[in-house]
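Student: So the mapping is simple: this note's numbering equals the position in the sequence shown, first residue as 1, plus 5.
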Amino acid sequence: DHRHDIPLPGIEYLAEQDTLVLTFHDGSFRVLENICSSPRWVVDGSPSLSTRVRTISLDGSNTWIWGHELHRPSEFMYKHEAQMNLKFVVADIGDELPLEQIYSGLQNILLSPQVWPKKPIAMLRTFFANIRRSQYFLELHPRILNLLNSPFEDPSCGIQINPVSAQPLTSGLRKEFRHCILRFLYGWPNLVTLRARLPVTDFLYNLSTDEILREACRKTGQFLFNSIGWMNLRIFIRLAKAVASLVTENDLPFVLRVLVQSGLPDAPPDIVSEGQALAEVIHGFTGLSWDAFMNSDSLKETCPACHGEVPFAHLSEATCVNGHQWRRCSITTFILCTSHLRTCIGCSRKAFLPLSAESEPIKEGEERKNWLPQVGKGWIVEELLEGVNRCLFCGNSFVAVV
Numbered sequence: 006d007h008r009h010d011i012p013l014p015g016i017e018y019l020a021e022q023d024t025l026v027l028t029f030h031d032g033s034f035r036v037l038e039n040i041c042s043s044p045r046w047v048v049d050g051s052p053s054l055s056t057r058v059r060t061i062s063l064d065g066s067n068t069w070i071w072g073h074e075l076h077r078p079s080e081f082m083y084k085h086e087a088q089m090n091l092k093f094v095v096a097d098i099g100d101e102l103p104l105e106q107i108y109s110g111l112q113n114i115l116l117s118p119q120v121w122p123k124k125p126i127a128m129l130r131t132f133f134a135n136i137r138r139s140q141y142f143l144e145l146h147p148r149i150l151n152l153l154n155s156p157f158e159d160p161s162c163g164i165q166i167n168p169v170s171a172q173p174l175t176s177g178l179r180k181e182f183r184h185c186i187l188r189f190l191y192g193w194p195n196l197v198t199l200r201a202r203l204p205v206t207d208f209l210y211n212l213s214t215d216e217i218l219r220e221a222c223r224k225t226g227q228f229l230f231n232s233i234g235w236m237n238l239r240i241f242i243r244l245a246k247a248v249a250s251l252v253t254e255n256d257l258p259f260v261l262r263v264l265v266q267s268g269l270p271d272a273p274p275d276i277v278s279e280g281q282a283l284a285e286v287i288h289g290f291t292g293l294s295w296d297a298f299m300n301s302d303s304l305k306e307t308c309p310a311c312h313g314e315v316p317f318a319h320l321s322e323a324t325c326v327n328g329h330q331w332r333r334c335s336i337t338t339f340i341l342c343t344s345h346l347r348t349c350i351g352c353s354r355k356a357f358l359p360l361s362a363e364s365e366p367i368k369e370g371e372e373r374k375n376w377l378p379q380v381g382k383g384w385i386v387e388e389l390l391e392g393v394n395r396c397l398f399c400g401n402s403f404v405a406v407v
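Dropping the structure here:
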């Protein structure tokens, strides 16, 4: 083989097809089929001219995508690296996956509790790629919908967090609180796989043309969204309860929002009980009663455009008395009126950037830049924004526009 002396930068084994894919620095790739039984080469890569290849993405089955970049450009003029010539090559290395293989792959992802090393959107790429082009979509649709509606356990019920005894708030305590956020929001396999159901539901909804199917997807998506939201809220309640002795005046607006959400008309009875328990603990440290919580000025927001009152009536949207509409942070529920935002790559929900995202160096004598609203400048909100590094609803990463 003429490639015996060419470096091998990429290797991927596709277990379901018993296939090994090799990519080389000259831009070519080779596919070895039936490794465990009767290995044979089935695809020969195309020849290349002074190039190198960097693997970018793989859907886990038949579609291979890679970057083909000039290593020795013919023009010897200065160019920024971003202006170098780059080709994206997409190739199918096999036939369309069988119906049962598509379904079983999705079933394994959604019903096998595990904390994945990859984001849900990466784990689901095979399903998204194959179901879109599959002629069996209408046949699979009801089966997938049943899969999405299958029973699940609520892992948040088993979370136990030891309360912090009254003591000064230190950087060490804040760091431990942030670790708790990561552990309890992202460390439960059942919650991780449950979040993966939401992008599948949205995908089916967008792909469906039949109104009956779309309505079924909408109801399933709303049920999953509410279920995940109540689990997130329970975790927030228990985290706030654990650090109740360290709650400051600046933290009360967020804690009150958690209490208000726990008392909504459609809140499950156990969530209502946990909210009331949190209110009693906060009352012990602040002296505020439940009625005082509900009527507190800390819940009042003003419209960034007209300074009119904004009722706290919806968790994802805000509308002032004059009709101005705003989106709310998917983590804190505060109104988003800053450019320091991040967006989920899966469901497009938005949230404040953590304060550590400030790229400009702090000059001597200057305070750290803080783009959070006045009611959101407590240490609990700051650590929550630092700890939440993936979407709380679909589990995918956030991106921020530079």
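Virtual Cβ for every residue (Gly too), placed ideally from N, Cα, C.
When the distance is taken between beta carbons, is ASP207 closer than 8 angstroms to ASN226?
Tutor: The amino acid at residue 226 is misidentified as Asn; the sequence shows Gly. Against a cut-off of 8 angstroms, the Cβ pair of ASP207 and GLY226 comes out as a contact.
Student: Assign PHE290 to one of two classes, buried (16 or more other C-beta atoms within 10 Å of its C-beta) or exposed (fewer than that).
Tutor: Counting Cβ neighbours within 10 Å, PHE290 comes out exposed, since fewer than 16 surround it.
Student: Check whether the stretch 245-262 and the stretch 379-389 are in contact - that is, three or more C-beta pairs closer than 8 angstroms.
Tutor: The answer is yes - the stretch 379-389 touches the stretch 245-262, with three or more Cβ pairs under 8 angstroms.
Student: At which residues does the alpha helix (DSSP H) containing GLU216 begin and terminate?
Tutor: Looking at the DSSP string, the run of the alpha helix (DSSP H) that includes GLU216 is 216-247.
Student: Less than 8 angstroms between the C-beta atoms of LEU244 and CYS185, yes or no?
Tutor: Cβ distance < 8 angstroms, so LEU244 and CYS185 count as in contact.
Student: Residues in its own chain within less than 8 angstroms of LEU212 by CB, not counting five upstream and five downstream?
Tutor: Same-chain partners within the cutoff: ILE136, ARG137 and PHE142.
Student: For THR175, does the count of other Cβ atoms within 10 angstroms reach 16, so buried, or fall short, so exposed?
Tutor: Answer is exposed; the Cβ neighbour count stays below 16.
Student: Just verifying my parser: in three-state terms, what is the DSSP assignment at PHE403?
Tutor: Three-state result, PHE403: strand.
Student: Hey, SER361 and GLU391: beta-carbon distance below 8 angstroms or not?
Tutor: It is a contact, given that the beta carbons lie within the stated cut-off.
Student: With burial defined as no fewer than 16 other Cβ atoms inside 10 Å of the residue's Cβ, what is the status of SER170: buried or exposed?
Tutor: So SER170 counts as exposed.
Student: Who are the Cβ neighbours of CYS352 in its own chain at under 8 angstroms, not counting the five residues just before and after it?
Tutor: Contacts found: LEU203, PRO204, ASP207, CYS396, PHE398, CYS399 and ASN401.
Student: Just to confirm the assignment, what range does the beta strand (DSSP E) spanning ARG262 have?
Tutor: ARG262 -> not in any beta strand (DSSP E); alpha helix (DSSP H) instead, spanning 257-267.
Student: VAL252 and SER267 look like a contact to me (Cβ under 8 angstroms); what is the Cβ gap, rounded to whole Å?
Tutor: Actually they are not in contact, since the Cβ atoms of VAL252 and SER267 sit about 16 angstroms apart, beyond 8 angstroms.
Student: Please classify THR214 as buried or exposed, where buried requires at least 16 neighbouring CB atoms within 10 angstroms.
Tutor: It is exposed - the Cβ of THR214 has fewer than 16 other Cβ atoms within 10 Å.
Student: Which of helix, strand or coil does DSSP assign to LYS180?
Tutor: Note: LYS180 maps to helix in three-state DSSP.
Student: For LYS246, count neighbouring Cβ atoms within 10 angstroms of its own Cβ and tell me buried if that reaches 16, exposed if not.
Tutor: Classification for LYS246: buried.
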